[in-house]
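Taking it in order: structure first as structure tokens, then the write-up.
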Amino acid sequence: MKLKFLAIGVVTFFCLSSYSQVEAPKFGKGLLNIVGKDSTWTMKFAMRMQFLGIATWDNGTDNGFVNPEQNFLVRRARLKFDGFAYSPKLRYKFELGLSNRDISGTSQFTSNAPRYILDAVVMWNFHHNFELWVGQTKLPGNIERVISSGNLQQVDRSLVNSRFNIDRDMGIQLRHHFNLTDKFLVREKFALSQGEGRNVTTGNLGGHQYTARIELLPFGKFKSKGDYVGADLKREATAKLMLAVTYDSNQDAVRTRSNLGSYMANDVGFYETTINTTFVDAMFKYNGFSLMGEYAHRDAKDPIAKNSDGSETGDLVLVGDGLNLQTGYLFKSNWEVSGRYTNINFDNITGRDTETQYTLGLSKYLLGHKLKVQTDLSYLSVDGGTDELMYRLQMDVHF
């Protein structure tokens, strides 16, 4: 029924577009670019899909690789809308996720409904270099998370991101930038959010979440915002570098990974503890070569969830450290070879094993990130656990 209403909405959208100026853009620039007759609003409508195949094997030591498993899925299927309303200084972005992976995670805190909405945010440039964001969108966290899943250098993000990222939330953000010199750019980003993650409908269960990020670009801006795009597709003629630090504090958090993970329920409702996350990351690009590095650290005031009488519930905040290093070189034929090293080291209190993953990737960019085929091979080493070999092949189409 919901998909029926969505289809009706899309048809209505195309019908109403006849009353505006409609431009048919090139491939990769959106399906439609609509401009109001009085030029007081615009809307770009785009769609993208990712088709993924995965094969994994356990390392049986003496028996070699055993227990093969395969999986084929539509990893992502999304509709995107963006433009401005009333003035170019008031921009908006609205993105829907329709694949099972995008809408999963329903619970009583999201009214047991699919979580269709990824982004619903307005961005107001209210004074010079100041911009106010209001709504649900990605928090200014680690660079790998903020890079769009359609612009990744490898098939998917690293284990550091999946274990430590602070993802999307509902709230407000204040962003500002200034130049120290003609080239040296500084960007500041601050966020106040609910701290419960995306699409939560029950309100604030604990405290609020506070995020601050500062970015230093000593050699000036990257071409086409390339600091938040995987691979050096623009082949920077001069070296470009971004260094950044993020600090996030989720006060009285009730989930095991700040605003993600499982809820820590106890005998009186929820166990609450303050969870702090720190990221230090960098992006470097020059003439087809790229290097991205991230370090993540999470700690908590008291990571062991307890009942009112002090007994342990069994839930734990996943505190620890993560390191991710990723590099690649883009040949003139638009084939790229990339490599990644990832290490996850949770604190002993969590009972989690140390994980180290090595990934070798190969990508063919037919039309940049808008049309590409990517494949990678990863070996996961788990201290005290079972090692794993994983092969992935993915196609990305972004209209």
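Here the sequence shown is numbered in my numbering, starting from 4 and rising by one per residue.
Backbone N, C-alpha and C define an ideal beta-carbon position, used for all residues, glycine too.
C-beta atoms of residue i and residue j nearer than 9 Å
i	j	result
F402	R79	no
F87	T45	yes
N202	E297	no
V376	L370	no
L142	D251	yes
R148	D172	no
F187	P221	yes
A210	D255	Note that residue 210 corresponds to Gly in the displayed sequence, not to Ala. In this structure, D255 lies closer than 9 Å to G210 by Cβ.
Q157	S341	yes
F133	L162	no
V257	F273	yes
F287	Y332	no
Coil, strand or helix - residue i by DSSP
i	result
K228	helix
G364	strand
Q156	coil
R118	coil
R355	coil
I37	strand
E218	strand
I347	strand
V149	helix
K7	Low confidence applies here, because K7 scores a pLDDT of 47, under 50, leaving its location unreliable; read the following figure in that light. In this structure, K7 counts as helix in the three-state DSSP scheme.
S261	strand
Y289	strand
G388	coil
N327	strand
E275	coil
E339	strand
M393	strand
Y382	strand
V203	coil
G223	coil
H130	strand
E315	strand
Cβ separation of residue i and residue j, assumed to be a contact under 8 Å, to the nearest whole Å
i	j	result
G144	N168	6 Å
D318	S265	7 Å
L392	F68	6 Å
L208	L246	Contact flag wrong, Cβ pair sits at about 35 Å.
G33	F54	Contact doesn't hold; Cβ gap of about 21 Å is too wide.
V248	I278	Contact doesn't hold; Cβ gap of about 18 Å is too wide.
G100	D399	Actually they are not in contact, since the Cβ atoms of G100 and D399 sit about 15 Å apart, beyond 8 Å.
Straight-line Cα distance separating residue j from residue i
i	j	result
I57	V77	11 Å
Q197	D270	23 Å
D105	F349	27 Å
G387	E358	10 Å
Y22	G39	With a pLDDT of 49 at Y22, under the threshold of 50, the modelled position of this residue cannot be trusted; read the value that follows with caution. Roughly 8 Å between the two C-alpha positions.
G325	G206	31 Å
I175	W127	11 Å
T214	N70	43 Å
S20	L236	With a pLDDT of 49 at S20, under the threshold of 50, the predicted position of this residue should be treated as unreliable, though the coordinate-derived value follows. Roughly 34 Å separates the two Cα atoms.
V232	P28	22 Å
F193	N253	14 Å
L365	D379	6 Å
K7	Y361	The predicted position of K7 is uncertain, since its pLDDT is 47 and thus under 50; a value taken from the coordinates is nonetheless stated next. If I take the Cα positions, the gap works out to 44 Å.
Interface flag, residue i vs chain B, CB-CB below 9 Å
i	result
Y332	You won't find chain B in this structure, because it holds only one protein chain.
Practice prompt. Pick out the complete beta strand (DSSP E) segments inside the stretch 158 to 201, 3 residues or longer, and give them in chain order.
Written response: For the beta strand (DSSP E) assignment, the uninterrupted runs of no fewer than 3 residues enclosed by the stretch 158 to 201 are, from N- to C-terminal side, 171 to 182, 188 to 196.
Discussion item. Runs of 4 residues minimum, wholly inside the stretch 42 to 120: which ones carry the alpha helix (DSSP H) assignment?
Written reply: Every unbroken stretch of the alpha helix (DSSP H) spanning 4 or more residues and falling wholly within the stretch 42 to 120 is given here in chain order: 103 to 106.
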